[in-house]
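Structure record follows, encoded as structure tokens.
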Amino acid sequence: KNEVEQSPQNLTAQEGEFITINCSYSVGISALHWLQQHPGGGIVSLFMLSSGKKKHGRLIATINIQEKHSSLHITASHPRDSAVYICAVRRDQGAQKLVFGQGTRLTINP
Amino acid sequence: EPEVTQTPSHQVTQMGQEVILRCVPISNHLYFYWYRQILGQKVEFLVSFYNNEISEKSEIFDDQFSVERPDGSNFTLKIRSTKLEDSAMYFCASSEALDYGYTFGSGTRLTVV
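Which chain is which? The protein sequence lines are A and B, in order.
Taking my numbering, the leading residue of the first sequence gets 819, the next gets one more, and so forth.
Taking my numbering, the leading residue of the second sequence gets 106, the next gets one more, and so forth.
See below:
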């Protein structure tokens, strides 16, 4: 079983819609990362969370440690938001590596 | 904004050849990482490097792989005798500390033929 599961795997929406991408994990963690991977392959870090909620522009990330669940929201989505969004966790107890989810491919149509 | 720089962006090599992938992490960062992504699959951890030594490595990171920080700025990944299944995008990343965000390089696409 994958330690990090994302849903949905693919999401297509119209410009302006509110987007939610979910991430569930099965291990104890010290931090959870949301990343964006562009079609060319490059990875950009969006958020790092260990509790609560963070907001940057139209992006909001939340985490519920007790439920082992995080969500990434995009408000007023735009075609330029089209990308693969990846959840990754760093386990607790001194681990250094990130364990990645399989990603959610988001397509925003104009 | 500071960047992690990776070179080359693309490399094609013959099976059995050695390749060196290069990375320049952000200068005040202390933790360095290599990850790889085989086409269509999720990103996988290879190795982390801290205080001039390997601090964690995955099962993938066998004797075929090595890392070095030869001059205090570059961070290299060497694959000694490449196999077809080493074809992947290789990402370097760095972070200031364990509980800080990562900065990823733009990746090196390695194709083994």
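From the three backbone atoms N, C-alpha and C, an ideal C-beta is built for every residue, glycine too.
Note that the structure is predicted; figures quoted are calculated from it, not measured.
message = Using only the alpha-carbon positions, how far apart do Ile861/A and Ile159/B sit?
response = Along the first sequence, read from residue 1 onward, the residue named residue 861/A stands at position 43. Along the second sequence, read from residue 1 onward, the residue named residue 159/B stands at position 54. Using only the alpha carbons, I get a separation of about 23 Å.
message = Give me the DSSP bridge partner(s) of Met866/A.
response = Here the question's residue 866/A lines up with position 48 in the first sequence. According to DSSP, Met866/A bridges with His851/A.
request  = Have a look at Glu123/B, Gly210/B, Thr112/B and flag the residue whose alpha-carbon is nearest the alpha-carbon of Ser200/B.
outcome  = Working through the second sequence from its first residue, we reach residue 200/B at position 95. With distances taken between Cα atoms, Ser200/B lies closest to Gly210/B.
query = When Cβ atoms are compared, which residues of the stretch 180-208 of chain B fall closer than 7 Å to chain A?
reply = Result list: Met194, Phe196, Leu203, Asp204, Gly206, Tyr207, Thr208.
message = Here's a check: name, in chain order, each residue in its chain whose Cβ is nearer than 7 Å to the Cβ of Gly212/B, leaving out the five neighbours to either side.
response = For the purposes of this step, residue 212/B is taken as residue 107 along the second sequence, with counting starting at 1. Gln111, Met194, Tyr195, Phe196.
ask   = Beta-carbon separation of Ala198/B and Val129/B under 9 Å?
value = Your numbering for residue 198/B matches position 93 in the second sequence. Your numbering for residue 129/B matches position 24 in the second sequence. Between Ala198/B and Val129/B, the gap from beta carbon to beta carbon reaches 9 Å or more.
query = Does the stretch 136-149 of chain B come close enough to the stretch 863-877 of chain A to have 3 or more Cβ pairs within less than 8 Å?
reply = Contact fails: fewer than three Cβ-Cβ distances are below 8 Å.
task = Spell out a yes or no on whether the stretch 834-854 of chain A and the stretch 885-894 of chain A are touching, meaning 3 or more CB-CB pairs, one atom from each, closer than 8 Å.
result = Yes, they touch.
message = If you measure between the beta carbons of Gln914/A and Ser153/B, is that distance less than 9 Å?
response = For the purposes of this step, residue 914/A is taken as the residue at position 96 of the first sequence. For the purposes of this step, residue 153/B is taken as the residue at position 48 of the second sequence. Between Gln914/A and Ser153/B, the C-beta gap is smaller than 9 Å, which places the two residues in contact.
query = So the beta strand (DSSP E) Glu149/B belongs to, where does it begin and stop?
reply = By one-based count along the second sequence, residue 149/B stands at place 44. For Glu149/B, the enclosing beta strand (DSSP E) covers residues 149-155.
task = Check the Cβ-Cβ distances between Arg876/A and every residue of chain B, and say whether any is below 9 Å.
result = Within the first sequence, numbered from 1, the residue matching residue 876/A stands at position 58. Residue-level contact check: Arg876/A does not touch chain B, since none of the beta carbons of chain B fall below 9 Å from its beta carbon.
Three-state secondary structure (DSSP) of Glu190/B = One-based indexing of the second sequence puts residue 190/B at position 85. Helix.
query = Given 8 Å as the limit, is there contact between the stretch 178-193 of chain B and the stretch 891-906 of chain A, that is, 3 or more CB pairs closer than that?
reply = Verdict: no, contact absent.
query = If you run the structure through DSSP and keep just helix, strand and coil, what is Arg898/A?
reply = Against the first sequence, residue 898/A aligns to sequence position 80. Three-state result, Arg898/A: helix.
message = Using a Cβ-based criterion (distance less than 8 Å to any ligand heavy atom), does Phe154/B qualify as near the ligand MG?
response = For the ligand MG, the structure offers nothing, since it holds no ligand at all.
Ile883/A, enclosing beta strand (DSSP E) - first and last residue = Residue 883/A sits at position 65 when you count from the first residue of the first sequence. Taken as a continuous stretch (DSSP letters only), Ile883/A belongs to no beta strand (DSSP E), as it is neither H nor E.
ask   = Nearest to Leu151/B by alpha carbon, out of Gln169/B, Pro113/B, Gln122/B?
value = Locating residue 151/B in the second sequence gives position 46, where the first residue counts as 1. Measuring from the Cα of Leu151/B, the nearest candidate turns out to be Gln169/B.
query = Along the chain, where does the beta strand (DSSP E) that runs through Thr838/A open and close?
reply = Within the first sequence, the letter at position 20 stands for residue 838/A. Thr838/A -> beta strand (DSSP E) spans 837-843.
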